[in-house]
Every structure is written in structure tokens, then in C-alpha cells.
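Input: a single structure, listed below in C-alpha cells.
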Amino acid sequence: MTLFRTLALGLTLTLAAGHLAVAQTRTPAKKTTSTAKKTTTVKKTAPVEKATTATKTTTTKTTTTVATPAAPVKAPLTADEATGGLREALSQGVTRAVAQAGEADGFNGNADIRIPFPPEAELIAVTLRKVRAGALVDNFEVALNRAAETASAQAKPIFLNAVQSLSLQDALSLATSKESDAATTLLYEKTAADLRTAFQPTVQQSLEKTGAIKLYAEMVARYNKIPLVTPLNPQLVPYATEKTVDGLFALIAAEEGRIRQNPAAQGSALLKRVFGK
0 MTLFRTLALG LTLTLAAGHL AVAQTRTPAK KTTSTAKKTT TVKKTAPVEK
50 ATTATKTTTT KTTTTVATPA APVKAPLTAD EATGGLREAL SQGVTRAVAQ
100 AGEADGFNGN ADIRIPFPPE AELIAVTLRK VRAGALVDNF EVALNRAAET
150 ASAQAKPIFL NAVQSLSLQD ALSLATSKES DAATTLLYEK TAADLRTAFQ
200 PTVQQSLEKT GAIKLYAEMV ARYNKIPLVT PLNPQLVPYA TEKTVDGLFA
250 LIAAEEGRIR QNPAAQGSAL LKRVFGK
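When you line the sequence shown up against numbering that gives the first Met the number 0, it's residues 0 to 276, in that order.
So, in C-alpha cells, the structure goes:
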């Protein structure tokens, strides 16, 4: 009996030692597995972050690369081009000025060019207004400006001929001038006197047609009949001619300024070439 118990106790101790060995073996295995998993996680994450950084760098380089087109080079303006452009600008200015001035109220309704009572006869106007004849003065001024409008409608060929005969010795400097009316000023200086002479018969006919000459003669006669005044006999036709020509030149100068300011709006390749900036 005692022997049997001894054998059973030994067997029990042997089995317990075997279970303890198995338990010790399993515990390190779990730790190794956990470590392996952690190591694997670190290795997978690191490459993903590097790949993302590389992609961002590539995108930045592509965005900052921009090609800049070369600006076109404008060929120098020639003297022939400048001359042609100036003549075309003046011709266009004449055409539009004549059309504008020849309309109803082209002179009478335009404060910039409206012809006033002749200065040398201003005393006549002042005196007649004092004796209640102001209506006669007002009617005359309207007739005077109507005559300028009628004459302007016939001025185109006379002015265009002056443009074509104008000598442009320094066309390049005129074309590139900062003055908005440089060409018109030259045309006035060179041709105004001849234009007045050529235009005077047309103005006289217009003054007669509108009744301005008759009204003027009536005013002068009434003034000269006033006691103690010094008789006056101012000439109307030369004055009206000068003011009509000056008014047309003012409109031509304004047209030249518009062409210089915006040549692209004029529809001419030559004007764009000569006056384009």
C-alpha cells in the first residue's frame, strides 16, 4: 500500500512538471508573435508616408513651370507711311467736320464754334438793344450762323484739295507728336489764308440766302441814324468767312484728336499703323 502511494505521487509530480514546461513554452511564443506583428506594422506605414511626400514634391515643380510668349516687335514707321497716315487723318477730319457743321445748328447750336456778333460792330448791337431793337440783333446772329452752316456743306472739296497739296516735310515727327492737333495746326498755318479767299464767295452766297446781309445792313443804317453817333460801315463777308473757316478747323482738330487717341476705332489699317501705340 505504501509502495502504491509512492508510485502514484511520482506519477502526479511527473505530469505536473510536463504541464509546467508546456505553459512556459507557450508564453514566449505569444510575446514573439506580438513583437512580430508590431514590427510588421511599422514597416508598412513608413513606405506609405515617403511615397506621399514624393508625390507632393513632383506636383509643386510642375505648377511653377510657366512659358512666357515673346512680345511682337513693331517695325519702324517709314516717312511714306507717316505722310499717308496724316493725309488720311486730315481727310477724314475734313469729311466729318463738314458733315457736322453743315447740319442744322451745326454752328448755331455749338457753343465752341458759334459765330458771335462782329466785334468791330459791337457798339451797334449794344446801342440797338438800348433802343429796344434787340430782336433785330438776335435774328441777325441766327442768320449769320445759318449762313456758316450752309457754306460748310459746300466746303469739302476746297478743304480736301488743301490737304492733298500740303507739304509734309517732317511727317514722322508730326505723326508721333504728343500734340493732339499737330497736323491740323500745320494745315491751318499753311492754307488758312488761301482757304478764306477760295471760300469767301460761298460764304457770301450763304449770307444772302439766309438774309444775314440784309439784316446787317438794316442794323448799320438804324445805328447811323441815331443823333451824335459816329457812322460805322463794318464789312460782314470777310468776318463771316474767317469765322466759318476757323470753326471748321476746330472740328477737324477735334477729329484728329479722336483718331490719335483711338486709331483702332477708325477702321483703317494705315491709321492703326501710324497712330497706334
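Cβ atoms here follow ideal geometry from the backbone N, Cα and C, with glycine treated the same way. Note that the coordinates shown come from a computational prediction; the quantities given were computed from them, not determined experimentally.
Contact under 9 Å by Cβ, residue i with residue j
{"i": "L167", "j": "L270", "result": "no"}
{"i": "E148", "j": "A100", "result": "yes"}
{"i": "Y215", "j": "L235", "result": "yes"}
{"i": "S267", "j": "E80", "result": "no"}
{"i": "R221", "j": "L135", "result": "yes"}
{"i": "R145", "j": "F106", "result": "yes"}
{"i": "F248", "j": "A192", "result": "no"}
{"i": "Q91", "j": "Q265", "result": "yes"}
Residue i versus residue j: straight-line alpha-carbon distance, rounded
{"i": "K155", "j": "G133", "result": "35 Å"}
{"i": "L143", "j": "S179", "result": "30 Å"}
{"i": "A263", "j": "N109", "result": "28 Å"}
{"i": "A308", "j": "A103", "result": "The displayed coordinates of the chain run from 0 to 276. Any statement about residue 308 would go beyond what the structure contains."}
{"i": "T77", "j": "V93", "result": "24 Å"}
{"i": "A182", "j": "I251", "result": "10 Å"}
{"i": "V125", "j": "A98", "result": "34 Å"}
{"i": "L231", "j": "T201", "result": "25 Å"}
{"i": "I123", "j": "F158", "result": "34 Å"}
{"i": "P233", "j": "V273", "result": "46 Å"}
{"i": "Q203", "j": "N223", "result": "23 Å"}
{"i": "K213", "j": "I258", "result": "41 Å"}
{"i": "A253", "j": "L171", "result": "21 Å"}
{"i": "Q199", "j": "K177", "result": "34 Å"}
{"i": "G83", "j": "D245", "result": "25 Å"}
{"i": "I114", "j": "M218", "result": "17 Å"}
{"i": "T184", "j": "L173", "result": "10 Å"}
{"i": "I112", "j": "Q163", "result": "25 Å"}
{"i": "A211", "j": "G275", "result": "45 Å"}
{"i": "D137", "j": "E207", "result": "17 Å"}
{"i": "E241", "j": "V141", "result": "17 Å"}
{"i": "D169", "j": "F139", "result": "44 Å"}
Cβ distance (whole Å) where residue i is taken to contact residue j below 8 Å
{"i": "K189", "j": "L165", "result": "6 Å"}
{"i": "A285", "j": "L194", "result": "As shown, the chain starts at 0 and ends at 276. That puts residue 285 outside it, with no answer to give."}
{"i": "Y238", "j": "P117", "result": "5 Å"}
{"i": "T243", "j": "A150", "result": "5 Å"}
Neighbour-count burial assignment, residue i, 16 or more Cβ in a 10 Å radius
{"i": "T255", "result": "A small correction: the amino acid at residue 255 is Glu; Thr does not occupy that position in the sequence shown. E255 should be labelled buried."}
{"i": "G17", "result": "No answer about G17 holds up, because its pLDDT of 47 lies below 50 and its placement is not dependable."}
{"i": "S205", "result": "buried"}
{"i": "T209", "result": "buried"}
{"i": "T175", "result": "exposed"}
{"i": "A96", "result": "buried"}
{"i": "T229", "result": "exposed"}
{"i": "I225", "result": "exposed"}
{"i": "L227", "result": "exposed"}
{"i": "K37", "result": "Unreliable placement is indicated for K37, whose pLDDT of 41 sits below 50; the coordinate value is still reported in the next sentence. That one is exposed."}
{"i": "P27", "result": "The predicted model places P27 with a pLDDT of 43, which falls under 50 and marks its position as unreliable; any figure quoted below should be read in that light. P27 comes out exposed."}
Test: residue i CB closer than 9 Å to a CB of chain D
{"i": "R145", "result": "Reference to chain D is not applicable here, since this structure consists of a single protein chain."}
The ligand MN heavy atom lying under 8 Å from the CB of residue i
{"i": "V136", "result": "Ligands displayed in this structure: none; no statement on the ligand MN is therefore possible."}
**Report entry** Residue ranges of each alpha helix (DSSP H) within the region 194-223, 4 or longer
**Finding:** 211-223
Query raised in the report: Curious, which full-length alpha helix (DSSP H) runs of at least 4 residues does the region 83-117 contain?
Result: none
**Report entry** Sequence ranges, alpha helix (DSSP H) only - wholly within the region 117-171, length at least 4
**Finding:** 121-129, 133-151 and 155-164
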